[in-house]
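Working notes, structure below.
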Amino acid sequence: MKKLACLLLVFLLLIAYVPSMADNGAVNWYEVFVRSYQDSDGDGIGDLQGLISRLDYIADMGWDGLWLMPVMPSPSYHKYDVIDYYDIDSEYGTLEDMRMLISEAHERGIEIIIDMVINHTSTQHPWFRTACAALREGKESPYIAYYNFQQHAESAFINVQGTDWYYEERFSGGAMPDLNLENEQVWEELRKIAAFWLNDMGVDGFRLDAVTSYHTNNTDKNVKALSRFKAICEELKEGSYLVGECWAGLSVIAEYYQSGIDSFFLFPASQAEGFIASSMRGRSGHAEKFAKSYQNVLEAIPEGILAPFLSNHDTGRTIGSVQGRSNIPIAKFVEGVLNMMTGRVFTYYGEEIGMVGSGDDPNKRLAMYWSDKDMTTQPPGVTQLEYAYPSWEKQAEDPSSLLNYCKTLYHVRKAFPMIADGKNEFVYVDSELLLMRRILENESCLIAMNFSGKSAGSLVLNKSAAIAADIETGTEQAELAEDGLTLSLPPYGIVILTEGEEIK
Ligand SMILES: [Ca+2]
Ligand SMILES: [Ca+2]
């Protein structure tokens, strides 16, 4: 009851404080693997109608952006090899279902982006089939130049059966031929595809798959290609949001920002080895470790919109590898740290209930654990099937669950736009305590965090402040002395403070 009262208090405080809502787009993004999310027709495979039936949940949580992994027709269960860029895979539904999903999402204030896979197609794409048929028959075809064919064997090149030709392929041992992104006709196709999804279908942008492989190991060419794609999307739909998968270190990611693509996923923050989870390891110095890494990021990418995340469909689920995964306070706090970062935060479906999974890819894409009765079938090839935390159904009823903690975080991010969009200032850091200020136009807030799970912390502020939101992993609450200057934080506590004179 006490926790419920505390949550209620948080929401009351949020309601009492009405910041000006700068409309810079969605700040809380949710990555969904449609196949594993919600089935609607009893075939056991998640689909678009199933996802539509969960939109109320998604909106209630405070997610205002949805990234769908590929939805276009494909021979694989994950659908990262596209056969037709203008349709929906029949396992998921129809274009009509997609239009309905987009409009139902928009009605709830949720933006939608879809995975756009343009480094390669499926070998079953008509472009590739036509090109290979022409090569076999010794005929000409404009589609031959859509791919990277050559007449000598080399690593990452696969033989076209019955010919002495080879095609570039880097992802699956044959099924995903690389497109030739130096071909102007391919760019015409890309423009038509982008126009179809942005204008005819009404999506709000794209997640760009495998951008470092557009031209393998050639950052300059990739930055140019991305910049061209960004210009096309901006011309077709002003303000569309593009986020790229540049799976690389910080300095390389920083170079990719020169393309003008809005965001690149912040891989250095993600996974067990990433700086969020690794800051929590060791006996002490957790706050200092995090602050140093975060400062490096902000210095490397001073202007771009960050896209921090903990896990995605290609990585082990980070909550499963955070120190002592049955330790709910630390699982919560890791989410708390992530959600106090600037930019657009991406949450992989199931992370909000602490789903785990690692090793073979299908293990990272398990059925959403709604309840023991309500789940899709598992994707093919699962070799490890485990759910470490209670189901969504159980966590929804428990005010102290990870699920409800995440919900509070997302609502705080929406209520205080300066958390996501403000300029960051480090005000104070020691071994375990971190105080940051976020400034957006003429508004600001302070974010106080205690990275210790063992001891309470006490911060002395420079000017008097008021607690605007108290996000706690346990039952203890933060306290501000009467002078408004001395703040006590419980273990793993996070507090948003408003500073009197700067905010009316
Ligand atoms: Ca289905
Ligand atoms: Ca390529």
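If you're matching positions, the sequence shown starts at 557 in this note's numbering and goes up one per residue. Cβ coordinates follow ideal geometry from the N, Cα and C atoms, glycine included.
Beta-bridge partners of residue i, as assigned by DSSP
{"i": "PRO733", "result": "GLU725"}
{"i": "GLN1033", "result": "Answer is none; GLN1033 lacks a bridge partner."}
{"i": "GLY800", "result": "LEU764, PHE820"}
{"i": "GLU1001", "result": "The amino acid occupying residue 1001 in the given sequence is Cys; Glu does not appear at that position. According to DSSP, which records beta bridges pairwise, CYS1001 is partnered with ARG994."}
{"i": "PHE902", "result": "TRP585, PHE865"}
{"i": "TYR984", "result": "LEU991"}
{"i": "LYS979", "result": "ILE995"}
Beta-carbon contacts of residue i that lie in its chain and below 6 Å, excluding the five residues immediately before and after
{"i": "HIS681", "result": "ILE639"}
{"i": "ILE809", "result": "CYS802, PHE820"}
{"i": "THR903", "result": "TYR586"}
{"i": "GLY621", "result": "ALA582, TRP585, GLU667"}
Same chain, Cβ closer than 8 Å to residue i, neighbours up to 5 away in sequence not counted
{"i": "ALA578", "result": "With a pLDDT of only 43 at ALA578, under 50, the local geometry of the prediction cannot be trusted, and the value read off the model is given with reservation. Closer than 8 Å at the Cβ level, and outside the excluded window around ALA578, lie PRO973, ASP977, LEU996, GLU997."}
{"i": "CYS789", "result": "ALA750, LEU754, GLY761, PHE762, SER796, LEU798"}
{"i": "PRO824", "result": "GLY805, LEU806, ILE809, GLY830, PHE831, SER849, VAL853"}
Local conformation of residue i per DSSP, three classes
{"i": "PHE713", "result": "strand"}
{"i": "ALA825", "result": "helix"}
{"i": "SER1044", "result": "strand"}
{"i": "GLY1056", "result": "helix"}
{"i": "GLY621", "result": "strand"}
{"i": "GLY830", "result": "coil"}
{"i": "ALA751", "result": "helix"}
{"i": "SER1014", "result": "strand"}
{"i": "TYR703", "result": "strand"}
{"i": "ILE884", "result": "helix"}
{"i": "VAL627", "result": "coil"}
{"i": "ALA944", "result": "coil"}
{"i": "ASP1026", "result": "strand"}
{"i": "LYS1019", "result": "coil"}
{"i": "ASN1006", "result": "strand"}
{"i": "VAL638", "result": "coil"}
7 Å Cβ cutoff met for residue i and residue j
{"i": "ILE608", "j": "GLU647", "result": "no"}
{"i": "GLU693", "j": "ALA582", "result": "no"}
{"i": "LEU958", "j": "ALA887", "result": "yes"}
{"i": "ASP653", "j": "GLN717", "result": "no"}
{"i": "ASN895", "j": "ARG969", "result": "yes"}
{"i": "GLN940", "j": "GLY915", "result": "yes"}
{"i": "LEU1017", "j": "LEU1041", "result": "yes"}
{"i": "ALA863", "j": "LEU798", "result": "no"}
{"i": "TYR641", "j": "MET628", "result": "yes"}
{"i": "ARG921", "j": "SER592", "result": "yes"}
{"i": "VAL760", "j": "ILE669", "result": "It is Asp, not Val, that sits at residue 760 in the sequence shown. Cβ distance < 7 Å, so ASP760 and ILE669 count as in contact."}
{"i": "LEU764", "j": "GLY800", "result": "yes"}
{"i": "PHE846", "j": "TYR1048", "result": "no"}
{"i": "ALA615", "j": "ARG664", "result": "yes"}
{"i": "LYS521", "j": "MET617", "result": "With the chain covering only 557 through 1060, there is no way to say anything about residue 521."}
{"i": "PRO626", "j": "VAL673", "result": "yes"}
{"i": "TYR813", "j": "ILE857", "result": "yes"}
{"i": "ILE1003", "j": "MET992", "result": "yes"}
{"i": "ASN704", "j": "ASN736", "result": "yes"}
Same chain, Cβ closer than 7 Å to residue i, five either side skipped, listed in chain order
{"i": "LEU854", "result": "ASN980"}
{"i": "LEU560", "result": "Residue confidence for LEU560 is low, a pLDDT of 48 falling below 50, so the modelled location carries little weight; the figure read from the coordinates is stated next. Around LEU560: PRO955."}
{"i": "SER697", "result": "THR686, ALA687, ALA690"}
Entirely enclosed alpha helix (DSSP H) segments - the stretch 642 to 688, minimum 4 residues: Listed in chain order, the alpha helix (DSSP H) runs fully inside the stretch 642 to 688 are 651 to 663, counting runs of at least 4 residues.
Exercise for the section: Starting from the N-terminal side, write out each stretch of the beta strand (DSSP E) that is 3 residues or longer and does not extend beyond the stretch 895 to 941. Expected result: 901 to 904
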